[in-house]
Structures are given as structure tokens and as C-alpha cells.
Amino acid sequence: MIKWVKNITPKTDCSSNLSLMDIETVENIRKFFKGFPQYEKTPLISLDNLSNELGVGGIYVKDESYRFGLNAFKVLGCTFALASYIAQRLDIPVWELDYMTLPETTAKLGELTLFAATDGNHGHAVAWAARELGQKAVIYMAKGCPQVRLDRIRREGATAYISDLNYDDTVRYIAELAEKTPNSVVVQDTAWEGYEDIPAWIMQGYGVIALEAYEQLNEKNISPTHMLLQAGVGGFASSAQGYISNLCGDKSPTQFIVEPSAADCYYRSGLKGDGTAVHVDGDMKTIMAGLSCGEPSTISWDIIRNKTDFFATVDDHHAAKAMRVLGAPVRGDKRIISGESGASTMAFLLELLTNDDLADLREQAGVGKDSHFLLVSTEGDTDPDIYRDIVWNGKY
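Throughout, the numbering used here is defined as the position within the sequence shown, counted from one, plus 2.
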């Protein structure tokens with residue numbers, strides 16, 4: 003069952019965190035990434051025939067499976083965060099760092115050990131960045147993560163393990179390990195009291211996705227009316243919301259935050275509606291592993307509580323169906339290989355536009371034949387076996 007709630011959380015002044023996603027700042031971050039040989043815009047795919055079939059003006063999916071050849075978006079955040087950390091330690095502007103000389107620059111700090119907790123994509127990105135910089139990475143994956151994702155991280159040269167803890171407890175565990183390890187740094191996209199610089203830099207790195215998407219929409223003379231964003235701890239979603247709020251102001255699209263029903267901390271926070279973030283405990287089992295997080299990032303919650311119009315959840319079978327729809331699209335539309343977390347927003351959109359039980363939500367959200375929806379597929383088939391089992395064999 004789809005759960006949803008209109009956001010009635012009292013609004014606060016979130017200008018401090020919104021300033022992290024200042025238009026000029028994000029443009030400078032994109033210029034920083036243009037110095038990387040791997041950088042290029044990921045495609046924005048227009049699903050025209052699906053839009054016609056569902057009776058709306060347009061559906062546009064930003065496909066992050068092409069990002070840096072790593073099959074997911076995470077590399078933008080952790081790479082910019084590490085560059086910012088290095089620049090801060092060396093007391094130089096981050097814009098002065100050059101990709102070709104980053105390893106030599108980083109060597110001035112001595113051997114760093116990067117610690118990260120992950121469900122897969124973030125750890126892979128941190129391991130890749132550590133290898134690029136000639137540094138060490140120690141990655142712990144949450145309980146239940148598949149071996150194929152662990153192997154992918156280890157192939158980048160990182161020391162990696164699967165823990166017996168859920169994601170949020172794994173974050174706490176690696177933070178404790180880092181405290182005991184000289185010259186170490188925790189690279190995590192969730193913020194808590196006393197740990198906010200690196201999550202803020204990670205958010206800023208993610209801002210390049212929204213910047214690119216709006217440039218690509220402008221080329222089509224399209225202004226999206228609705229935007230659907232998936233949330234784990236909320237770093238990616240708040241990044242996009244912050245950038246678009248600064249860019250569009252009062253003309254921002256209607257905002258949906260989508261989560262797995264098993265890890266619905268933002269939905270529960272919106273349902274409670276008093277401004278406090280609700281935490282979800284336990285295993286939070288879902289195929290949408292990248293979103294299996296029970297504690298909102300403090301920075302992200304500050305933006306999301308103020309900029310979200312509706313909170314919603316989807317179940318595993320919704321995500322699996324969306325993967326199949328994207329993988330075997332309406333004739334004439336381009337195929338999108340989207341992983342479980344990447345397809346979560348399409349999962350919700352398909353229900354929003356076809357489920358009679360959501361007629362009231364469609365009315366409240368102003369959904370109609372002239373609506374244009376922006377989504378981001380944040381990952382490709384990061385676990386090929388699971389992807390094949392879902393798309394070929396009909397699992398879930």
C-alpha cells in the first residue's frame with residue numbers, strides 16, 4: 003500500500019543550510035568537476051510515450067548510472083567532500099586543487115584512512131576516491147548487503163567488511179573506529195551534532211545533478227511542475243531541493259519525498275508534523291538498500307521539512323515493477339537500467355498516475371494533463387544478479 007501525507011510541518015528559517023546550495027557555489031563545483039577526465043553530463047531521458055500513455059505532459063529521468071563509470075551518483079558527493087577536506091587541512095581554496103595533482107597535494111597530509119558506512123554505492127565511491135588519491139579506505143557495509151557489492155568495493159583496493167548492524171548503527175561503529183585511528187576521516191553523507199562539514203560538502207557535490215538537469219530541461223523549454231526525490235538519510239534530496247529553491251524561488255515545482263515503507267523516517271516525521279525528526283529502528287529490510295536508513299541527517303531535515311509538499315512511501319513490489327517498466331519501456335522510449343533505489347521515484351509516480359486510491363493526492367498536488375515530472379534514477383544495476391532476478395524472473 004502507498005502511504006502519503008501532506009507536509010504540515012511548521013516552517014522555519016532554513017536560509018543557512020539553503021546557502022550551501024547557492025547557485026554560484028554549485029556552478030563553481032561543476033567547474034571543479036570539469037577538470038576530471040571522467041566528467042560529463044549524465045543524460046536526461048524524456049519518456050514521451052510513457053507520458054502519453056499515462057496522460058501527462060512529460061516525464062523526465064536523469065540517469066545517474068553513467069556517472070564517472072561507477073553506475074551511481076555517489077561519487078560527486080564524496081569526491082567534492084574529500085577535496086574540500088584536503089583544502090581545509092592545507093588552508094587553501096578548494097578551487098585551487100587540480101585533479102591531476104590531487105595525489106601529490108594529498109600526500110602532504112600523510113597517509114589518510116577514510117572510513118565509511120554504506121549499503122553499497124557510497125562505499126564504492128569512497129573506495130574509488132581513496133584509490134584516486136593514493137589513500138586508504140576502510141568500508142563497513144550494513145547487515146544483509148550482498149557479496150557482489152562488497153567485492154566491487156574491494157576491487158578498488160579498500161579494506162571492506164559486511165557488519166552485523168543496520169545502516170545507522172554501522173555509521174556509529176565506523177565513527178568510533180575512526181576516533182581510534184590516527185590521521186583518519188569519516189566520509190559520511192549523514193550529519194549529526196558535531197559532524198556537519200563533510201555531509202554539507204557531500205550535499206554540495208550532489209548539487210551538480212540538479213544543475214545539469216535544469217540546464218537540460220531549459221534546452222527543451224520545459225519547466226517541471228513536479229519533482230520526485232528519493233530519500234535515505236536525505237543528503238541527495240535536500241541538495242536538489244536546496245538548489246532548486248535558490249534557483250526558482252516561489253516557482254519551484256511541487257516536491258515529493260519518496261522512501262521505502264520499511265525505512266520511512268521522513269514520512270513518519272511529516273506525519274508527526276511537529277518539526278521533530280522521527281527515527282526508525284531495526285533491520286529495515288527492503289530491496290531499496292541505498293534508502294534503508296532510519297535517521298534523517300540534521301542538515302537535510304532542516305531543508306526537507308521546509309521545502310517538501312508531500313511525503314510518500316513505496317513497497318518492494320512497486321520498485322520492482324518500476325525497474326521492469328524502465329527496462330522494457332513503452333515502444334519508442336529509451337531504455338533505462340535502474341536499480342532498486344534508483345527506480346523508487348518511478349515506482350511512486352506509476353502509482354500516483356494510475357491508482358484510483360490516490361485520486362485525492364492527485365487533486366491536492368495539482369496533477370493533470372499538463373504536468374511535467376522530474377525524477378532521478380540514482381543508480382544502475384549495481385547488483386546485476388538482483389537486477390536480473392527482478393527484471394527477467396519477476397521477483398517481487
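Ideal Cβ placement from N, Cα and C applies to all residues, glycine included.
Rounded straight-line distance, which links the Cα of residue j to that of residue i
i: Leu351; j: Arg32; result: 29 Å
i: Ala322; j: Tyr68; result: 21 Å
i: His281; j: Ile392; result: 30 Å
i: Ala83; j: Val210; result: 13 Å
i: Asn308; j: Pro12; result: 8 Å
i: Ser165; j: Ala144; result: 5 Å
i: Leu360; j: Tyr62; result: 21 Å
i: Ser18; j: Arg390; result: 44 Å
i: Ser299; j: Ile388; result: 28 Å
i: Ile306; j: Ile10; result: 12 Å
i: Asp318; j: Glu217; result: 32 Å
i: Asn51; j: Val332; result: 6 Å
i: Glu26; j: Glu181; result: 35 Å
Contact set for residue i: own chain, Cβ-Cβ below 7 Å, skip 5 residues either direction
i: Ser86; result: Val96 and Trp203
i: Ala345; result: Ala321, Ala324, Met325, Leu328 and Ser379
According to DSSP, residues forming a beta bridge with residue i
i: Tyr62; result: Ser48 and Leu376
i: Glu381; result: Ala74
i: Met143; result: Thr120 and Ile164
i: Tyr216; result: Paired residues: none, contrary to the question.
i: Glu261; result: Thr315
i: Tyr197; result: Trp194
Residue from the options whose Cα sits closest to the Cα of residue i
i: Leu231; options: Tyr208, Pro331 and Glu217; result: Tyr208
i: Leu135; options: Thr161, Thr115 and Pro105; result: Pro105
i: Gln137; options: Ile88, His124 and Val63; result: Ile88
i: Tyr169; options: Thr310, Ile306, Gly296 and Val58; result: Gly296
i: Gly37; options: Gly59, Met102, Gly71 and Val7; result: Met102
i: Asp171; options: Ala118, Asp199 and Asn220; result: Ala118
i: Pro184; options: His124, Thr115 and Val128; result: Thr115
i: Gly244; options: Val188, Asp304 and Gly292; result: Asp304
i: Ala233; options: Val28, Met205, Leu213 and Ser48; result: Met205
i: Phe258; options: Ala367, Glu214, Ala74 and Trp394; result: Ala367
i: Pro148; options: Thr310, Asn123 and Asp50; result: Asn123
i: Glu113; options: Val187, Gly275, Tyr142 and Lys43; result: Val187
Cβ neighbours of residue i in the same chain (closer than 8 Å, five flanking residues each side left out)
i: Lys5; result: Ser263, Asp266, Tyr269, Ala314 and Thr315
i: Glu158; result: His126, Ala129, Trp130, Ala132, Arg133 and Ala139
Spatial neighbours of residue i in its chain, beta-carbon cut-off 6 Å, leaving aside the 5 residues before and after
i: Ala131; result: Cys80, Thr81 and Leu84
i: Met290; result: Pro262, Ala321, Glu342, Ser343 and Ser346
CB contact below 8 Å: residue i versus chain B
i: Leu99; result: Absent from the structure is chain B; it holds one protein chain and no more.
Quiz item: Pairing CB atoms from the segment 102 to 111 with CB atoms from the segment 265 to 276, are three or more of them under 8 Å?
Solution: no
Quiz item: Does the segment 141 to 152 come close enough to the segment 322 to 331 to have 3 or more Cβ pairs within less than 8 Å?
Solution: no
Practice problem: Tell me, please, whether the segment 329 to 337 touches the segment 230 to 246 by the rule of three or more beta-carbon pairs shorter than 8 Å. | Solution: no
Quiz item: Would the segment 242 to 254 and the segment 282 to 294 be scored as touching if the rule is three or more Cβ pairs under 8 Å?
Solution: no
Self-check item: Touch test, the segment 214 to 227 against the segment 191 to 198, Cβ-Cβ under 8 Å, three pairs minimum
Solution: no
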